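Here is the structure we will look at, set down as structure tokens.
Residue numbers (the working numbering): 22 to 231.
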């Protein structure tokens, strides 16, 4: 799910799903998460927090080395709707610049902490070349046990779904191999968000936030 100006576009890529991992990198979970994805031959999108990247640059390098997409999840994981324009720019650009310094790539996707955004956030992000990525499936893995995470993802995933998971919770790591196995059995393949975006837009819905 991506937002351009005042419209949210929902992907309709046939039998294609994108797994996204928010927060991190985290030394207590990222290595295990990368191994799970490697073992399953799945590429995902990691929305990283700048202050964590600064603390663990080698983990960011490892994420990128394994072929995953890296994107921005702000620098301090603050609620962007409470910030001034200059503060929003700082949250986004500090992380973008840090990623560039460490792995040498320009990132253009970001996702707002907690899914909280408003028109100022969108306009500010667009002014410096960002596109905002949202999601269509969220199993609340930060508070749910593994069986519920699994059930919510496999039940709600559709063609073109963008799944929000977190880079940290043990229950997420426990559920993930089963999720991948089940979705593959249903004929789904896994893509990064940029790969979904390259396939074009699906249907759209009206800008949902005030």
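All C-beta atoms in this analysis are idealised placements derived from N, C-alpha and C, irrespective of residue type, glycine included.
This structure is a prediction, so every number in the text was calculated from the model and none was measured.
Alpha-carbon spacing of residue 134 relative to residue 188, whole angstroms: Taking the chain shown and counting its residues from 1, the one referred to as residue 134 is at position 113. Taking the chain shown and counting its residues from 1, the one referred to as residue 188 is at position 167. Between residue 134 and residue 188, the C-alpha separation is close to 14 angstroms.
Touching by the beta-carbon criterion (3+ pairs, under 8 angstroms), the segment 45-61 and the segment 79-88: Contact holds between the segment 45-61 and the segment 79-88, because three or more Cβ pairs, one in each stretch, are under 8 angstroms apart.
Element boundaries [alpha helix (DSSP H), containing residue 146]: Along the chain shown, one-based indexing puts residue 146 at 125. Its alpha helix (DSSP H) spans residues 140-148.
Coil, strand or helix - residue 65 by DSSP: As a working note, residue 65 is residue 44 in the chain shown. In the structure shown, the three-state DSSP call for residue 65 is coil.
Residue 174 and residue 184 closer than 7 angstroms at C-beta: What you label residue 174 is simply residue 153 of the chain shown in a count that begins at 1. What you label residue 184 is simply residue 163 of the chain shown in a count that begins at 1. The Cβ atoms of residue 174 and residue 184 lie closer than 7 angstroms to each other.
C-alpha gap between residue 136 and residue 110, whole angstroms: Along the chain shown, read from residue 1 onward, the residue named residue 136 stands at position 115. Along the chain shown, read from residue 1 onward, the residue named residue 110 stands at position 89. Annotation: residue 136 to residue 110 spans about 17 angstroms, alpha carbon to alpha carbon.
Residue of 154, 152, 59 and 205 minimising C-alpha distance to residue 178: For this step, residue 178 is matched to residue 157 along the chain shown. Residue 205 is the option with its Cα nearest to residue 178.
Proximity of residue 130 and residue 152 at Cβ, strictly below 7 angstroms: Position 109 of the chain shown holds residue 130. Position 131 of the chain shown holds residue 152. Contact flag set, yes.
Same chain, Cβ closer than 8 angstroms to residue 141, five either side skipped, listed in chain order: Here residue 141 corresponds to residue number 120 of the chain shown, with the count starting at 1. Cβ within range, chain order: 102, 106 and 109.
Nonlocal neighbours in the same chain, by C-beta distance under 8 angstroms from residue 213, ignoring five residues either side: Position 192 of the chain shown, counted from the first residue, corresponds to residue 213. So the qualifying residues of the chain are 39, 64, 65, 66, 89 and 90.
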